[in-house]
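K.L.:
Chains L and X supply the protein sequences, listed in that same order.
Every letter in the first sequence is one number past the one before it in my numbering, and letter 123, counting from 1, is 123.
With positions in the second sequence counted from 1, the corresponding number in my numbering is that position plus 1000.
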Amino acid sequence: MDTISWWGMLGLGAFHGINPGMGWLFAVALGMQEKRRSAVIGALFPMALGHAISIAVVVFVIALAQRQLPEGVLRIACATVLFGFGVYKFFSARHPKWVGMRVNFKDLTIWSFLMASAHGAGLMLAPLLLRMPAAEASGHMHHASMGMTDNAVMLLSAVGVHTLSFFLVMGIAAVIVYEVVGLALLRKAWFNLDLLWSIALMIAGIVTLFLKH
Amino acid sequence: MLQQWKPDPTFYPSPKMAIEAPIEDVAYVAAPRDDDNPDTMCVVDLNTASDTYGQIVNKLELGVRDEIHHFGWNACSAALCPYAPHPYIERRYLVVPALRGSNIYILDVKEDPKAPKLIKTLDANEVEERSGYTRPHTVHCGPEGIYVSALASAGSEEGPGGIFLMDHYNFNILGQWEVERGPQSLSYDFWWHLGYDIAVTSEWGYPAMIENGVSLEDLGERKFGHKIHIWDIRHRKNIQTLDLGDDYQMILELRPAHDPTKAYGFVNAVLNMNDLSSSIWTWYKNGDDWGIQKIIDIPAQVPENPDDLPPALKDIGMIPTLVTDHILSLDDRFLYVSCWGTGEMLQYDVSDPFNPKHTGTLKIGGITKSHPHPAAGPVSGGPQMVELSRDGKRLYFTNSLYVAWDNQFYPEGANGWMVKADVDVENGGLELDPDFFVDFGESRAHQIRLQGGDSSSDTFCYP
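Have a look at this one:
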């Protein structure tokens, strides 16, 4: 992966982390319900884990597809799915359904996995993933392609970098809102990040379509 | 459907913040009829600067003999709840079930809040087929959809009654809510402690016990509800039933603390069979279990002239208290209790939910007493459906319970009215606004909803 891809992973991690629907808002609520900051912090770990699993699934599916499908087909397929999903999210306010505030580690991991998956968090990484060496390998067999192990390590690192950035931004947002800003933020400064998110998906789709190799 | 960029401004994360909400300009009042004219949703102008302040400025005609009763919003502050946040939905539709006709009306109030538009009707067949229930009653906007309670099962018109879900975007009925109902069969109100994943349901009676007036035979046999049920919301499972004892008949309105960290609430028992008194009970979390305890007894009264009693009460010779509704202020401090029989509105400080302090009394109407209103003279009926502004300063209430029951207890007539009381939120106490009297004529006046939200419309997920 080149520098752009790594920064992209970091940047999108931050973008996912800042979205209240991905975790920090729930962490704040749990802290308020239990009246202790440790409940805020404690919630961040399972949320990061659930997010990482959701991302990893997409990352590895795309990596496998890269080995099986011609580069152009995969690129157009990813672009179509991304753009279509973005358009759908733009017009539909539908949201994942979950009920329950009394949640343990497992519940929060599942919750975060569902939220990330339903929002297409992993999908959004597609243009970055398609820039990877494996993609080159399918198109240009004469280049030295990466070994399976090296490739897996790199993909895991990508998920790790994304998740770390997600975790930090989500954590900082949660602690600042819990300790300093308070819930007034939800009325004053909250704008529809899901709508922005849907636009991001559409942009990711367009970028994917015009990826250069 | 294009989404909004900003959260609906009427949503508040916490009850504390909702108290700061702007003053309401409009009230919606359900107005059923006792004749072949249609029920109406009435719009009352509450903007003090308006020429039509305190008047009905619009009536939207709905079904005939439908008994529109309790109604609610498609969405409310629960949309901010952290586990499924979707704050860009708009609070713009009133979901209006008909308790007798079983139709559900969806009214859009966005374009002109004073002119609700009927945009969708779910007729009784559709409601019954899709929900499995009949006689829909209470509506609450939940974090992931609209919850509606109903008195009975479709077809049998007997138990079990229960709760069904509606989609809050397209108003499709999604079906029965309960997975394991345990011993619950009678149904009426429901609400919840979202911070604890707990719902609470109460018990009234089946349609046959109420629709021709209160069945005195069933009452004599103590067949009306005397329990509340505690539910695990995540698993939709009845986890505990609290029995108040069958001395207490009809357990109606559930008012949980608005602060989601507080695990207690208040419910009214309409009739104590031994002395016709009414009572208020506090349910509360007690370790892993839930308990319930009576905190207020409000005695029946002796009429000055027993001949003034309606036929149903002649033999008994007493005026039953008939506490049929109550409302809890958003700061969880004051509870207002409607005594429909004795014609009183009582205010209690319930800061300590087990040691209420009586802080105010207001008298209007009542069986045999008919305490007058300064602007209207003698009035029929008594204080019944009560609603409180979010800042806790303006209390509005109406006089009709249920058409067939109005006729039983107030056979001389129960023309609808709505009045207002001003509340001293610092020291307690309430005073009737002498100039505010909304006359509904031959329509009955039942539940009130205030524009933007009130003290029984929203659930908050943050303290």
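Virtual Cβ for every residue (Gly too), placed ideally from N, Cα, C.
Just so you know, these numbers come straight off a predicted model, no measurement behind them.
Taking a contact to mean a Cβ-Cβ separation below 8 Å, would you say Ile-1298 of chain X touches Thr-1282 of chain X in this structure?
P.N.:
No. Outside cutoff.
K.L.:
With a threshold of 8 Å between beta-carbons, can Cys-1141 of chain X be considered close to chain L, or not?
P.N.:
Judged by the 8 Å Cβ criterion, Cys-1141 of chain X is not in contact with chain L.
K.L.:
Can you list the residues of chain X that Pro-96 of chain L reaches, using a CB-CB cut of under 8 Å?
P.N.:
In chain order: Ala-1084.
K.L.:
Would you call the segment 1061-1076 of chain X and the segment 72-91 of chain L in contact, with 3 or more CB pairs under 8 Å?
P.N.:
Contact between the segment 1061-1076 of chain X and the segment 72-91 of chain L is absent, because fewer than three Cβ pairs lie under 8 Å.
K.L.:
Got a sec: which bits of the segment 171-189 of chain L sit with their beta carbon under 8 Å from any beta carbon on chain X, in order along the chain?
P.N.:
Flagged, chain order: Leu-183, Ala-184, Leu-186 and Arg-187.
K.L.:
Specify the secondary structure class of Val-1029 of chain X as computed by DSSP and reduced to three states.
P.N.:
Residue state, collapsed to three classes: strand.
K.L.:
With three or more beta-carbon pairs closer than 8 Å as the criterion, would you say the segment 1130-1150 of chain X touches the segment 1178-1194 of chain X?
P.N.:
Taking 8 Å as the limit for Cβ pairs, the verdict is that the segment 1178-1194 of chain X does touch the segment 1130-1150 of chain X.
K.L.:
Looking at the secondary structure, which residues open and close the beta strand (DSSP E) in which His-1358 of chain X lies?
P.N.:
Looking at the DSSP string, the run of the beta strand (DSSP E) that includes His-1358 of chain X is 1357-1363.
K.L.:
Less than 8 Å between the C-beta atoms of Arg-1444 of chain X and Ser-1400 of chain X, yes or no?
P.N.:
In this structure, Ser-1400 of chain X lies closer than 8 Å to Arg-1444 of chain X by Cβ.
K.L.:
Comparing the C-beta of Thr-1465 of chain X with each C-beta of chain L, is any distance below 8 Å?
P.N.:
Since the displayed chain X opens at 1001 and closes at 1463, residue 1465 of chain X lies outside it and no answer follows.
K.L.:
Only counting the same chain, and skipping five residues up and downstream in sequence, which positions put a Cβ closer than 6 Å to that of Met-141 of chain L?
P.N.:
Below a pLDDT of 50, predicted positions are generally treated as unreliable, and Met-141 of chain L, at 46, falls in that range; the measurement from the model is reported next regardless. Excluding positions up to five away in sequence, the list is empty.
K.L.:
Starting from Met-1166 of chain X, follow its DSSP beta bridges and name the residues at the other end.
P.N.:
Looking at the DSSP assignment, Met-1166 of chain X forms a beta bridge with X:Ile-1146 and X:Ile-1173.
K.L.:
Can you give me the start and stop residues for the beta strand (DSSP E) that Cys-1339 of chain X sits inside?
P.N.:
Unbroken beta strand (DSSP E) run through Cys-1339 of chain X: 1334-1339.
K.L.:
Just the C-alpha distance for Tyr-1053 of chain X and Asp-1045 of chain X, rounded to the nearest angstrom, thanks.
P.N.:
C-alpha separation (whole angstroms): 5 Å.
K.L.:
Counting beta carbon pairs with one atom in the segment 48-63 of chain L and one in the segment 166-178 of chain L, are three or more of them shorter than 8 Å?
P.N.:
Yes, since at least three Cβ pairs between the segment 166-178 of chain L and the segment 48-63 of chain L fall closer than 8 Å, the two stretches touch.
K.L.:
Cβ closer than 9 Å: which chain X residues qualify as neighbours of Asn-192 of chain L?
P.N.:
Those are Gln-1003, Gln-1004, Trp-1005, Lys-1006, Pro-1007, Pro-1087 and Tyr-1088, listed as they occur along chain X.
K.L.:
So, with DSSP's three-state summary, where would you put Gln-1003 of chain X?
P.N.:
Residue state, collapsed to three classes: coil.
K.L.:
Compare the Cα-Cα distances from Lys-1464 of chain X to each of X:Gly-1287, X:Pro-1310, X:Ile-1210 and X:Gly-1265 and report the closest residue.
P.N.:
Past the edges of chain X, shown from 1001 to 1463, lies residue 1464 of chain X, and the structure says nothing about it.
K.L.:
Is the segment 1440-1459 of chain X touching the segment 1407-1425 of chain X, taking contact as three or more C-beta pairs under 8 Å?
P.N.:
Touching, per the Cβ criterion.
K.L.:
Give the DSSP-derived three-state secondary structure of Pro-1311 of chain X in the structure shown.
P.N.:
DSSP places Pro-1311 of chain X in helix when its eight states are reduced to three.
K.L.:
By how many angstroms is the C-alpha of Ala-184 of chain L removed from the C-alpha of Pro-1013 of chain X?
P.N.:
Cα to Cα, Pro-1013 of chain X sits roughly 8 Å from Ala-184 of chain L.
K.L.:
So with CB distances below 9 Å, who are the chain L contacts of Gly-1155 of chain X?
P.N.:
Per Cβ cutoff of 9 Å: no residues; Gly-1155 of chain X is ~29 Å from chain L at best.
K.L.:
Would you kindly work out how many angstroms separate the C-alpha atoms of Pro-1085 of chain X and Trp-98 of chain L, rounded to a whole number?
P.N.:
Rounded to whole angstroms, Pro-1085 of chain X to Trp-98 of chain L spans 10 Å at the Cα level.
K.L.:
Out of X:Ala-1049, X:Glu-1387 and X:Ala-1263, point me to the one whose CA is closest to Gly-1287 of chain X's CA.
P.N.:
The candidate whose alpha carbon is nearest that of Gly-1287 of chain X is X:Ala-1263.
K.L.:
Report the residue from X:Ser-1329, X:Asp-1433, X:Phe-1354 and X:Thr-1324 whose alpha carbon sits nearest the alpha carbon of Ala-1376 of chain X.
P.N.:
The residue with the shortest Cα to Cα distance from Ala-1376 of chain X is X:Asp-1433.
K.L.:
Which same chain residues, not among the five before or five after Thr-1010 of chain X, have their C-beta less than 7 Å away from its C-beta?
P.N.:
The answer, listed in chain order, is Arg-1091, Gly-1452 and Gly-1453.
K.L.:
Roughly how far, in whole angstroms, is the beta-carbon of Ala-29 of chain L from the beta-carbon of Tyr-1348 of chain X, given that I think they are within contact range, below 8 Å?
P.N.:
In fact, because the Cβ distance is near 30 Å, the residues do not count as touching under 8 Å.
K.L.:
Could you say if the segment 1096-1103 of chain X and the segment 1113-1126 of chain X meet the contact criterion of at least three C-beta pairs nearer than 8 Å?
P.N.:
Because the criterion of three Cβ pairs below 8 Å is met, the segment 1096-1103 of chain X and the segment 1113-1126 of chain X touch.
K.L.:
Using a Cβ-Cβ cut-off of 8 Å (strictly less than) and excluding sequence neighbours within five positions of Asn-1172 of chain X, which residues of its own chain qualify?
P.N.:
Only Arg-1130 and Met-1166 meet the Cβ criterion.
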